[in-house]
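The structure appears right after this line, and notes come after that.
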Amino acid sequence: MLRFGIIGTGRIGDMHARLVALQPDARVTWCYDLFEESAARTAAAVGARATTDLDALLGADDVDAVLIASPTNTHVEMILRSAEAGKPILCEKPIDVDINKVEECREKLAAFDVPLQLGFNRRFDPSHAGVQKAVAAGEIGALELLVITSRDPGPPPPRAILEACGGLFRDTTIHDMDMARFVLGEEPVEVFAMAANRVDPIFAELGDVDTAMIVMRTASGALCHINNSRRTNYGYDQRVEAFGAEGMVRSNNHRPTEVSRHGAGGTATKDELLYFFIERYRAAYEAEIRDFIDQVTAGKPPNVTFEDGRRALLLSEAALKSYQTNKPVEVNYA
Ligand SMILES: NC(=O)c1ccc[n+]([C@@H]2O[C@H](COP(=O)([O-])OP(=O)(O)OC[C@H]3O[C@@H](n4cnc5c(N)ncnc54)[C@H](O)[C@@H]3O)[C@@H](O)[C@H]2O)c1
């Protein structure tokens, strides 16, 4: 039985806690949040103790591992304090939006022998993982083009979340950067990005963009394109398409049902896409937690690492720099 302490019980922390509680060999014993009501609500749902004192959670004998789902700007502190306490860590993405803080954290973390899995949940989505497996198995021959479409449903998230998130490239595109590395099976070495404000004035007010197109090249010459928008009116648009000399493999969008309607208003009309990440990636979040439990219990290293988080952030930084300078940017992972 792996006993979890949940750090941060907001949108995603509450969901993670409930998914942990569904696992036969895991349970949530402690929930910590700055806000008592938030911690208490999640704790009540999963039969755990609530606290507003991080030391109480980290010092508890009945916490074997932590799941960090507090705001991004607290992750580095939470990671290092959890590592000092010797607790295996499942940490939400991104590690931080400041690459210097990530590098410092990396150095300090090296002193601890504590596993850390980073929350790139999309790697565990059965459809996207199916694309990766097909590519790795050589089903399409050498990969030539990878197209990642990743568009959020409107309206924009609340201002407080946007202010804290680090902007489109480092908060949202970072998932696509990780998906690109995962499916390509090699590192992008050059990035070119264009971006725009097309969706809502709040993004420009915060110095951010809401629409982006990115092109990347790997050392072997494969090309990858990512397109992002902060607004669809048809649900969460999440597609990954890999193309090679011997074919194409694609993961399509998900709907609540596959019923198609035919009549005077149109043919083959289907349900809207699943609304957003909680609905679309439920299976992925559960598989991510399952993998963490299995790896920690077996004493094996995590399958998605701190280094994966660092490299995805370096790619997001390169995209941002390319957008700001209107020039291609080479990526150095050293
Ligand atoms: N992997 C994904 O698909 C995904 C999706 C959404 C969010 N996230 C990530 O999860 C993290 C949380 O995002 P969210 O949308 O749940 O945010 P949120 O604002 O809904 O929740 C954050 C929670 O942390 C609490 N909190 C704030 N400061 C804290 C502190 N110092 N200590 C403990 N708790 C604190 C808040 O009270 C709140 O309950 C972010 O890093 C975000 O990037 C990942």
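Per my numbering, residue 38 is the first one in the sequence shown, and the count goes up by one each step. Don't be surprised by glycine CBs; every beta carbon is placed ideally from N, CA and C. This structure is a prediction, so every number in the text was calculated from the model and none was measured.
Distance check between E141 and each of G281, P194, E114 and A171 places E114 closest, using alpha-carbon atoms only.
When secondary structure is reduced to three states using DSSP, P293 falls in the coil class, being assigned neither helix nor strand. In the three-state reduction of the DSSP assignment, F280 falls in the strand class. For ligand 1, no non-hydrogen atom lies closer than 6 Å to the CB of I315. For V100, the three-state secondary structure derived from DSSP is coil. V139 is positioned such that its CB atom lies closer than 7 Å to that of L350.
If you look at N137, you'll find it in the alpha helix (DSSP H) that goes I136 to L146. For F229, the three-state secondary structure derived from DSSP is strand. The segment 83–102 makes contact with the segment 55–71, as at least three CB pairs between them are under 8 Å.
Relative to ligand 1, the beta carbon of R48 is positioned inside 6 Å of a heavy atom.
A straight-line Cα-Cα distance of about 12 Å links A82 and V57. By the criterion of at least three beta-carbon pairs nearer than 8 Å, the segment 140–156 is in contact with the segment 323–335. Collapsing the DSSP output to three states places S257 in coil.
Its chain contains S288 as the residues whose beta carbon lies nearer than 6 Å to that of S164, once the 5 sequence neighbours on both sides are disregarded; these appear in chain order. DSSP, reduced to helix, strand and coil, places D62 outside both helices and strands of the structure shown, so it counts as coil.
In this structure, the CA atom of F314 is about 11 Å from the CA atom of T209. A distance below 6 Å between beta-carbons, with the five flanking residues on each side excluded, links T269 to the following residues of its chain, in chain order: R188 and P190. According to DSSP, D274 shares a beta bridge with R188.
G45 has its Cβ nearer than 6 Å to a heavy atom of ligand 1. In this structure, the C-beta of A85 stays at least 6 Å away from each heavy atom of ligand 1. DSSP places R40 in the uninterrupted beta strand (DSSP E) bounded by L39 to I44. Cβ-Cβ separation between L91 and I116: approximately 12 Å, too far for a contact (criterion under 8 Å).
Between the segment 248–259 and the segment 345–365, the count of C-beta pairs closer than 8 Å reaches three or more; the two stretches touch. Within the DSSP secondary-structure output, G303 pairs in a beta bridge with G300. With 16 or more neighbouring CB atoms inside 10 Å of its own CB, A120 falls in the buried class.
Under the three-state reduction of DSSP, T79 is assigned to helix.
The C-alpha of H112 is placed about 20 Å away from the C-alpha of R196. Q332 is not bridged by DSSP to any residue. Closer than 6 Å to some heavy atom of ligand 1: that does not describe the Cβ of F161.
Here G204 carries a helix assignment [DSSP, helix/strand/coil].
Scanning F229, C128, I198 and E181 for the CA closest to the CA of V368 turns up F229.
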